[in-house]
Amino acid sequence: MKSFTNANVTAFEEAVTLSRETRRDGRSPVFSGGGSDLLGLVKERITSPDVLVNLRGVEGQDRVTDISEGVRIGGLITLDALSREVSIRKEFPVLAQAASTVATPQIRNVGTLAGNLCQRPWCWYFRNGFHCYKAGGNQCFSPTGENQFHALFGGGPSYIVHPSDTAPALVALDSSIQIVGPEGGREVRVADFFTLPQENPVRENVLTPDEVVASVTIPRPAMGSRSVYYKVMDREAWTHAIVSVAVVAQFEGEVCRRARIVLGGVAPTPWRVPEAEAVLLDQPLTPALAAEAAEQAVAGARPLSKNGYKVALTRAAVEQTLAMTSDRDQAD
């Protein structure tokens, strides 16, 4: 591991300027909030920064703030704090549940919301030095190799899955991300923040060099809204989702009027399934209807040679999450 310089900043604008100047000098900058994923990337020699731009000194970006249209969550809030925040647990339980499932308590204590959204893939080829698309190479090794945990949807030319737990929840909540960069600030819907490999196999999101995620805005939930996050893992701690499901639904009595179903762990981006959502509209959410929606959720799956089991697992996870959503006591 080569040596690098640590630079503490007190504002995102300062961080952006420092990053741009570092790059102009021919050196490599990297932003760090919690740093848990960054530490692994450095140790695995995937990234070798010259300057670490430490964002922890940026004040006011580690909390939840009520605003007129909903809530704004600072990108530097830790996942543990987010999962425990009373207002999030009450109004947006899907997000609190998602944050509470990330990795281990130790990582949740330092890992941030922005870091969880921007973390790099955990594909074993990428993380173990293979010169794949994600590492700037010209091939993906997974289609003919070990692909047990790779994508069912949206794959090609790379078949990674996005590892974030909070991302599917935020897509289901129709949230937006506030970004600070050299040209000032801009806002992007979380659903549009992540990019498929067909667009650029090296990248997972729309951030340009020297841009940083500052905060996330979530609109106030409609009356009668319920939300649930459900995650299936291969062991109880640390690991990422084999399959996850985020559901946000609005009910009038027991009739579902609106629904968003977003899958995690099965695609290079959080994967929304509108065909499954359409099944639920204007009907009571019965077990039979949940099973029908779950079938629609996997209709477009394209499994690789060793991950076909994820189709049945996804179907069951959607059905289970919808059953939890229909339970008013559990969803509220």
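Just so you know, we're using the numbering used here here: the sequence shown kicks off at 2 and counts up by one.
Cβ atoms here follow ideal geometry from the backbone N, Cα and C, with glycine treated the same way.
Query raised in the report: When the distance is taken between beta carbons, is Leu118 closer than 8 Å to Thr167?
Result: Contact annotation: Thr167 and Leu118 have beta-carbon atoms nearer than 8 Å.
Query raised in the report: Would you say Val191 and Val172 are within 8 Å of each other, going by their C-beta atoms?
Result: Contact annotation: Val191 and Val172 have beta-carbon atoms nearer than 8 Å.
Query raised in the report: Where DSSP assigns a beta bridge to Lys232, which residues make up the other side?
Result: Looking at the DSSP assignment, Lys232 forms a beta bridge with Ser245.
**Report entry** Nearest-angstrom Cα separation, counted from Val246 out to Ala223
**Finding:** Straight-line Cα distance between these residues: approximately 20 Å.
Query raised in the report: Between the segment 81-98 and the segment 228-243, do three or more beta carbon pairs fall short of 8 Å?
Result: Between the segment 81-98 and the segment 228-243 there are three or more inter-stretch CB-CB distances shorter than 8 Å, so the stretches are counted as touching.
Query raised in the report: Would the beta-carbon of Ile178 fall within 8 Å of that of Val213?
Result: The answer is no: Cβ separation not under 8 Å.
**Report entry** Helix, strand or coil at Asp67 [DSSP, three-state]
**Finding:** Residue state, collapsed to three classes: strand.
Requested in this report: Go ahead and pull the three-state DSSP assignment for Asn201.
Outcome: Note: Asn201 maps to coil in three-state DSSP.
Report task. Look at Gly76 and Gly34 and say whether their C-beta atoms are less than 8 Å apart. Result -> Yes; because the gap between Cβ atoms is below 8 Å, this pair is in contact.
Requested in this report: Please report how far the alpha carbon of Asp283 lies from the alpha carbon of Glu296, in whole angstroms.
Outcome: Taking the CA atoms as reference points, Asp283 sits about 18 Å from Glu296.
Report task. Compute the Euclidean distance between the alpha carbons of Arg259 and Pro202, then round it to the nearest angstrom. Result -> Arg259 and Pro202: Cα-Cα distance of roughly 34 Å.
Query raised in the report: Helix, strand or coil: how does DSSP classify Cys1 here?
Result: Any answer about residue 1 is impossible in this case: the structure gives the chain only from 2 up to 333.
Query raised in the report: Short check: CB of Ser226 to CB of Gln251, under 8 Å?
Result: Contact flag set, yes.
Query raised in the report: Going by DSSP, what residues sit across from Thr326 in a beta bridge?
Result: DSSP output for Thr326 lists no bridge partner at all.
Query raised in the report: Which runs of the beta strand (DSSP E) fall wholly inside the segment 144-182 and span at least 3 residues, in chain order?
Result: For the segment 144-182, the continuous beta strand (DSSP E) assignments of 3+ residues that do not extend past its boundaries occur at 177-182, in sequence order.
Query raised in the report: Taking C-alpha atoms, which residue in Ile243, Pro285, Arg261 lies nearest to Gly254?
Result: Scanning Ile243, Pro285, Arg261 for the CA closest to the CA of Gly254 turns up Pro285.
Query raised in the report: Tell me the DSSP bridge mates of Thr6?
Result: Its beta-bridge partners are Val52.
Query raised in the report: In terms of residues, what are the limits of the beta strand (DSSP E) holding Ile78?
Result: Counting along the chain, Ile78 falls outside any beta strand (DSSP E), and DSSP gives it neither H nor E.
Query raised in the report: Taking C-beta to C-beta, are Pro271 and Gly71 nearer than 8 Å?
Result: No; because the gap between Cβ atoms is not below 8 Å, this pair is not in contact.
Query raised in the report: Where DSSP assigns a beta bridge to Pro30, which residues make up the other side?
Result: Answer is Val52, bridged to Pro30.
Query - Pair within 8 Å by beta-carbon distance, Ala294 and Leu323 - result: Yes, the pair counts as a contact, with Cβ atoms nearer than the cut-off.
Report task. Quick one: give me the first and last residue of the beta strand (DSSP E) that Ile219 is part of. Result -> Per DSSP, Ile219 belongs to the beta strand (DSSP E) from 213-220.
Query raised in the report: With respect to the beta strand (DSSP E) encompassing Ile47, which residues constitute its N-terminal and C-terminal limits?
Result: Bounds of any beta strand (DSSP E) do not take in Ile47, whose DSSP letter is neither H nor E.
Report task. Indicate whether at least one CB of chain D lies closer than 8 Å to the CB of Pro210. Result -> Of the protein chains in the structure, only one exists, and it is not chain D.
Report task. Using three-state DSSP, classify Trp272 as helix, strand or coil. Result -> Note: Trp272 maps to strand in three-state DSSP.
Requested in this report: Classify Glu22 as buried or exposed, calling it buried when 16 or more other Cβ atoms lie within 10 Å of its own Cβ.
Outcome: Looking at its Cβ environment, which holds fewer than 16 other Cβ atoms inside 10 Å, Glu22 is exposed.
Requested in this report: Reducing DSSP to helix, strand and coil, say where Arg121 ends up.
Outcome: If DSSP states are grouped into helix, strand and coil, Arg121 belongs with coil.
Requested in this report: State the DSSP-derived secondary structure class of Val263, mapped to helix, strand or coil.
Outcome: The three-state secondary structure of Val263, taken from DSSP, is strand.
Report task. Give every residue of the same chain whose Cβ lies closer than 7 Å to the Cβ of Gly58, excluding the five residues on either side of it in the sequence, and list them in chain order. Result -> The answer, listed in chain order, is Asn9, Val10, Thr11.
Requested in this report: Can you check DSSP and say which residues form a bridge with Arg128?
Outcome: Looking at the DSSP output, Arg128 sits in no beta bridge, so it has no partner there.
Query raised in the report: Roughly how many angstroms lie between the CA atoms of Leu80 and Gly146, to the nearest whole one?
Result: Rounded to whole angstroms, the gap between the alpha carbons of Leu80 and Gly146 is 34 Å.
Report task. Go ahead and label Lys311 buried or exposed: buried means 16 or more other beta carbons lie within 10 angstroms of its beta carbon, across all protein chains shown. Result -> A residue is called buried when at least 16 other Cβ atoms come within 10 angstroms of its Cβ; Lys311 meets this threshold and is buried.
Query - Continuous beta strand (DSSP E) stretch holding Glu188: start and end - result: From DSSP, the beta strand (DSSP E) with Glu188 extends over 185-190.
Query raised in the report: What separation, rounded to the nearest whole angstrom, lies between the Cα atoms of Leu40 and Val31?
Result: If you draw a straight line from the Cα of Leu40 to the Cα of Val31, it is about 11 Å long.
Query raised in the report: Mapping DSSP to helix, strand and coil, what is Ser88?
Result: Annotated three-state conformation of Ser88 is helix, per DSSP.
Requested in this report: Give the secondary structure of Ala250 by DSSP, where H, G and I count as helix, E and B as strand, and everything else as coil.
Outcome: Residue state, collapsed to three classes: strand.
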